[in-house]
Amino acid sequence: MPKRDDIQHVLVIGSGPIQIGQACEFDYSGTQACRVLREEGLRVTLVNSNPATIMTDPEFADATYVEPITTEVIEQIIAKEKPDALLATLGGQTALNAAVGLHGAGILEKYGVELIGADMDAIQRGEDRQQFKDVVLKVGGEVPRSAVCHSMDEVRTTVEDLGLPVVIRPSFTMGGLGSGMAHTWEDVDRIAGNGLAESPTTEVLIEESVLGWKEYELELMRDQSDNVVIVCSIENVDPMGVHTGDSVTVAPAMTLTDREYQHMRDVGIAILREVGVDTGGCNIQFAIDPATGRMIVIEMNPRVSRSSALASKATGFPIAKIAAKLAIGYTLDEIPNDITRATPAAFEPALDYVVVKVPRFTFEKFPGADPVLTTTMKSVGEAMSLGRTFQQALQKALRSTETKAAGFWTRPDPEGATLENTLEALRTAHDGTLYTAERALRLGATVDQVHQACKIDPWFLDQVAQLIDLRDEIEAAAVVDEALLRRAKRAGCSDAQIAALRPELAGEAGVRRLRHRLGLRPVFKTVDTCAAEFEAHTPYHYSTYEDETEVAPSNRPKVIILGSGPNRIGQGIEFDYSCVHAVQALRAVGYETIMVNCNPETVSTDYDTADRLYFEPLTFEDVTEVFNAEHESGKAAGGPGVIGVVVQLGGQTPLGLAERLEAAGLPVVGTSPKAIDAAEDRGVFGRLLAELGLVAPAGGTATSYEEAREVAAQVGYPVLVRPSYVLGGRGMEIVYDEDTLAGYISRATDASPEHPILIDRFLDDAVEIDVDCLCDGEDFYLGGIMEHIEEAGVHSGDSSCALPPITLGAAVIAQIRDYTAKLAFGIGVRGLMNVQYALKDEQLYVLEANPRASRTVPFVSKATAVPLAKAAARIALGATIAELRDEGMLLPEGDGSDAGPDDPISVKEVLLPFKRFRTVEGAGLDAVLGPEMKSTGEVMGIDATFGLAFAKATLAVYGKLPTSGKVFVSVADRDKRSIVFPVRRLVDLGFTVYATEGTGLVLKRHGIDFTPVARHSRAVKSEGELDAITLIGSGEIDLVITTPSASSGPRTDGWEIRSAAVVADVSCVTTIQGAAAATQAIESASRGEIRVASLQELHRRLRGAETAAA
Amino acid sequence: MSSRAPAILVLEDGRVFRGEAFGSVGETFGEAVFNTGMTGYQETLTDPSYYGQVVAQTAPQIGNTGWNDEDDESRRIWVAGYVVRDPSRVTSNWRAKRGLEDELSSQGIVGICEVDTRALTRHLREAGAMRVGISSRSTDAEALLAKVLASPQMAGANHVGAVTTAEPYTYAAKGPQKYTVAAVDLGIKRNTPRRLAERGITTTVYPATATVDELLSQGPDAVFLSNGPGDPATAGHQIEVTRELLRRRVPVFGICFGNQILGRALGLDTYKLKYGHRGINQPVLDRHTGKVEITAHNHGFALAAPESGEFFETEFGRVQVSHVCLNDDVVEGLTCLDAPAYSVQYHPEAAGGPHDADYLFDRLVELIQHTEGAPANA
Ligand SMILES: Nc1ncnc2c1ncn2[C@@H]1O[C@H](COP(=O)(O)OP(=O)(O)O)[C@@H](O)[C@H]1O
Ligand SMILES: Nc1ncnc2c1ncn2[C@@H]1O[C@H](COP(=O)(O)OP(=O)(O)O)[C@@H](O)[C@H]1O
Ligand SMILES: [Mg+2]
Ligand SMILES: [Mg+2]
């Protein structure tokens, strides 16, 4: 059946801010969807509150709404845009839930909008755990014994009958939020309690545990004539009990015979049909008992999922793109396979390589968080790699994650590791289980012993054992000869790994020289969906050590853009955004763009983003080999080869490689590695500031406690300490006295051994300012100035901010522009630079300068309609700011420092992951903000006034903004004055006030009534007096305002209150500035003034006649 | 693993691939073909249609699930040689009885591993299927090439005799017997009688040389023409038998080789494909329903498509091309409109492969029901 002609206009819902369990994979799928629908000549309206996405670039939709994804807001958009259809299966759980909400509120019906991709009943059948189980049983599948419970009583009776342990899971949540494995009755009460709270339908599923079974996933696609294909099978290396998102996974499945695989396929297809996902993709999870082969069905996601993104990158079959085409009526046989061109999409990809995905965790950022891997997803990102064998793919994937260990043997075993305690450690799943398994085997455990301990399939364990055998050979060999080195490389060992085993080879560089001398270079194979049965037309490559390379010669000038690797807190989608922009900009002017990245969730790793895609680890070795292959083949074809390597846009990952790459002779373009170092090296940077006459907070560096103490004494407490060369404020703390300092040094020295500790005077009560700018050596262009809402001390990545600045005077802005220009020229920036300032007592302090694309580039670009990253890429390759002004990429005159009085206000707000984590005891984490970044994602709110913009941003993050009800207030002494006014406004707006003693007294004196509340239960004095923890826990409070008292010591005071708020999922404001902003937001919201406007309208306003280039 | 002896693979056009000994050590020759299935190596190796062929597996990890006693598709391994990238040194599956390599060795199958199978596959794709030799005895490529050039061609080869059963045997219906079918064993796979049995059909399997009278001696409700190796042009006898069955209006169902025989019996030509279809992910369009099925293929020859059109005329009346492969429009099935006969080029019995085409066995039951009353051996 051809395309439907009754649909002309589709509304696409994105997935909002990046969060654990829902990362940039949905930017990838949404971007593909929008592109496809536009190509099909449909009008596309898009809503997504996340500015750091490619999909929200104005050119991807006809009307782009960077607005909160809530029923009310989307209704306004529908009323305004009048779409014929809604596509909600490509925006993750957020979009799906939004669709359910719109349907429930009768809005789709009211405006005659048809839900395409999956109908409501199908969504219900797929998402509602009980209905789904019925479906499975109906088609003859098996499910774990279970019962859906709506109350704790039901829960208890069920558990009694199933017996412990049990799995507890809420319906309609994503990434396993609120779910867990209960081994004891205490666990049951706790997890089921939270679960009932998390579930929008207050229901949890109590399920028989099949812990330790093998876990599999199938990615299926169905079209409206009921053709079904399996795009990919995925096997989890980690057994059942570890969330698939936290598991090391492999594609295709490694340990199934055809019979078992076909049975899984049959059941999967039967379920898909019974659920009635009429068109599009879906994901089904299975568990298999390794002893008997008994197969049970775990769950289905009736939408494009995280695994779909993985499957798309793993196979070359673009699930989201095809899903979009199916949604508008095409059938699989009508859609061509882009890669082969000759064959249709109605087929099942055949892989002639192995794909391994390894999750990336950031527990170090959440001290106290329980690091045990369970049924709740905790990883923040992932790296994927391809190899011709499992061993090769695994080893490449391990070094792609950019953890401290870059693959096996690259870090010493932990102190006092014995066979016994290593096997013991394997009994609980943790970050790096495979490293532990490798150690156990190396220490003499048998594959079976290790299997018993961690339940990882013996096949995978034997693969690791084979690597250990190889290791022994490498260590034992008299000389590492060609044959042995070749085998090591074929097994995926990096030069660094081999160097670690053979010190006399003089390190990685030595191994590399030896390898090159022996002529051992990787070849590059192609991902072609068909195991070479048909010719591939898309250069999507991965490295391996074999006979034949498939890099096509080309004489065009080539530019390599290095991506940002796995998402982690501090380095996420924003950097992929900038890389994609660089590709677009450079492609547009005729360069052959070559993307290198290893993050399967991203747009940059879509095979049709760049001219060529290399799915490779971002290590020195892997990158230089890609360069070599492209450069040599380019020159052989009579072209210039690679004329530029762009390291500036992928965050710290490529930046960290810049120096070595240049030393190895690669043409690093843009800001020179030397200049980069000038900005990163405190000493050099300090001298530069002095020369330029700019001020930085007093400070110094130290490598020992003694030195640290002296520096701290000189600059005076409080001081801010941190390791150098970090992103996202890793290991950064505010220290108030010597003891704490001593403690920090002892802990932090391993945070980054090769770099010293930095110590700065901590500026209290300072306004922080973020600036992004461009410089070409001749000219300077200020992209945008962001005024932070929270004071300095809250990491720039965690604080909300406004653009244009809302309180800064013209003089300050002029000074900021002047300072920033000085810095840009002083450092020698060729491209983008981000500067952070603190403004205290009229003095502007330079906190840091990052000579690279920053986290805020997408936000600024969208707020100002100027594509900074595109400009930076062009400048790196020699274009001048003047030229870019003429082209219209940059403003013809003026820049981001002269915003007009009527320009709309853009607010960035962040999403914090606290509620996803629990302490070992199951308590919530402290939600306080500090200099170490903790947020996973951001949203943007745009409106005429700050209040409205901030209200939108808050809505976008929390989905709700209390406009009346109960507010709990408890602030530090220094904040008591400033809290009076906001609280008075809240009272006027109809809030009733609960406060702790001190705060309450101040309010009372200003004539504000309040109900007294004890700080915590221990403090309860009088009979019947409430305590904050219980009160908040009971969910009675709608808004919590509590600021930590900085003066009194570490900013952890009052954490009980904050974590109670986290557990109860109550909006919690922890800074005085935040309180004021929230009040304005609530005020505006309660006046019901929230109106929607598209980015295109905004940009037309900002750029006058010329059409937005962003 | 280093413990393995070096081995070489030499194609008739002189291209040499180096690897290591796998399976039994020795020398072997055949037609080089590649199979893209990611599961089902045990079924592939025991599929008689691979007789005389050296099979390269494009999936790199082979042998992971070992070898079990249930999944053999015939009495032995038939491939002439086996080419893989990375054989598993252990087996992991609750049904596994032994390792793949043990089985290859005990059945004397010469293989080669650690080969750049992707490069080999791309070469065969571009240059076409051709003769090949593997040696894990000597690594003298020149010498081996000479022997390859001396080895027989696939075109014109009659291999049916080598794979067919010596004596007739019967596979009983599951549950009450509804119908009986006489199957001509040109290299039949075990799963075919199994799929028939599921539908209450008892199958008697006859040697390829069986005459029409032998086939009809038990008064079967239909005759089945199985899959098998070799060049259909050499299957003169079976083609004649089929023409007689058509004359007598005996219901006929053919698979793979059987499809080519029915086609030739109807007057169509067969030709050799450049590199064939061998895999379990091939999209086939059923022209009756307009639906796509993902199917298992294993064929190096195909029926020459008649002038496109609704149907074409033959001496047995109108015939329709019922199925085509969406990848390359190769004829994948025929349905006679005026005679009770149909066939497909691919493998509805799967094993290995998807079960999408299982409905074709139901069609046989329908065909039998419709032609009932038409006495088989009248
Ligand atoms: N019955 C069970 N026994 C043991 N582990 C389970 C069970 N059900 C699910 N799990 C584990 O929990 C994880 C998350 O469960 P799942 O149903 O996939 O929820 P989500 O919607 O978060 O993906 C699964 O990946 C699996 O490892
Ligand atoms: N001297 C200081 N006084 C107060 N706050 C500071 C100071 N230096 C840094 N900060 C805070 O710490 C955060 C992180 O510091 P920064 O130098 O930007 O590290 P990163 O490289 O992680 O961005 C800043 O955003 C700011 O809020
Ligand atoms: Mg899941
Ligand atoms: Mg910073």
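From first to last, the protein sequence lines stand for chains U and W.
In the working numbering, each residue's number is its place in the first sequence (first place is 1) plus 34.
In the working numbering, each residue's number is its place in the second sequence (first place is 1) plus 2.
Each residue gets a CB set at the ideal place from its N, CA and C atoms; glycine is no exception.
Under the Cβ criterion of 7 Å, ASP771(U) is not counted among the residues facing chain W.
If you check each beta-carbon in the segment 261-277 of chain U against every beta-carbon of chain W, the ones closer than 7 Å belong to ASN261 and VAL263. A direct Cα-to-Cα measurement between LEU47(W) and ARG889(U) gives close to 55 Å.
For GLN262(W), the closest C-alpha among the options LEU188(W), TRP96(W), GLU295(W) and VAL294(W) is that of LEU188(W).
Within the segment 378-400 of chain U, the residues whose Cβ lies closer than 8 Å to some Cβ of chain W are PRO378, ALA380, PHE381, GLU382, PRO383, ALA384, LEU385, ASP386, TYR387 and VAL388, listed in chain order. No residue range can be given for PHE381(U), since it is assigned to no beta strand (DSSP E) and is classified by DSSP as neither H nor E. With a threshold of 7 Å between beta carbons, MET255(U) makes no contact with chain W. Annotated as distal: ALA304(W) and ALA352(W), with beta-carbon spacing of 7 Å or more. Taking a beta-carbon distance threshold of 7 Å, GLU45(W) counts as an interface residue toward chain U. Among the CB atoms of chain W, none fall inside 7 Å of the CB of ALA713(U).
Per the C-alpha coordinates, the member of SER1068(U), ALA1048(U), GLY1067(U) and GLY1069(U) positioned closest to GLU1059(U) is ALA1048(U). Cα atoms of MET334(U) and PHE166(U): separation of roughly 8 Å, rounded to the nearest angstrom.
A distance below 7 Å between beta-carbons, with the five flanking residues on each side excluded, links ALA534(U) to the following residues of its chain, in chain order: TRP443 and THR444. Counting only the Cα atoms, THR1105(U) lies some 11 Å from ASP799(U). The closest heavy atom of ligand 1 lies 6 Å or more from the beta carbon of THR462(U). Taking the C-beta atoms as reference points, LYS856(U) is found no nearer than 7 Å to ASP1099(U). In the three-state scheme derived from DSSP, where H, G and I count as helix and E and B as strand, TYR43(W) is classed as helix.
Flagged as an interface residue toward chain U: MET40(W), by a C-beta distance shorter than 7 Å. For ARG266(W), the closest Cβ of chain U is not nearer than 7 Å.
Rounded to whole angstroms, the Cβ separation of ALA9(W) and SER137(W) is 6 Å, and the two are in contact under 8 Å. Annotation for ARG289(W): no alpha helix (DSSP H) segment contains it, and DSSP assigns it neither H nor E.
Per DSSP, CYS68(U) is one residue of the alpha helix (DSSP H) stretching across 59-73. Rounded to whole angstroms, the separation of the alpha carbons of ALA525(U) and GLU538(U) is 22 Å. Within chain U, the residues whose beta carbon sits less than 7 Å from that of GLY354(W) are ASP292, listed in sequence order. Of the residues assessed, ASN131(U) falls on the buried side of the cut-off, its CB having 16 or more other CB atoms within 10 angstroms. A straight line joining the alpha-carbon of THR79(U) with that of ALA133(U) spans about 15 Å. Here the C-alpha atom of GLY843(U) lies approximately 55 Å from the C-alpha atom of ILE202(U). Contact with chain U is absent for TRP69(W), since none of that chain's Cβ atoms lies less than 7 Å from the residue's Cβ. Distances between the C-beta of ASP794(U) and the heavy atoms of ligand 2 include at least one below 6 Å. Beta-carbon to beta-carbon, VAL271(U) and ILE330(U) are separated by about 19 Å, too far to satisfy the 8 Å threshold. ALA304(W) is bridged by DSSP to TYR273(W).
In this structure, SER83(U) places its C-beta atom within 7 Å of the C-beta atom of ILE103(U).
Within chain U, the residues ASP386, ALA565, ALA566 and GLU567 have their CB atoms less than 8 Å from the CB of THR123(W), given in chain order.
Counting other Cβ atoms within 10 Å of its Cβ, TRP219(U) stays below 16 and is therefore classed as exposed. Residue pairing by DSSP places GLU368(W) opposite no residue, since no beta bridge is assigned to it.
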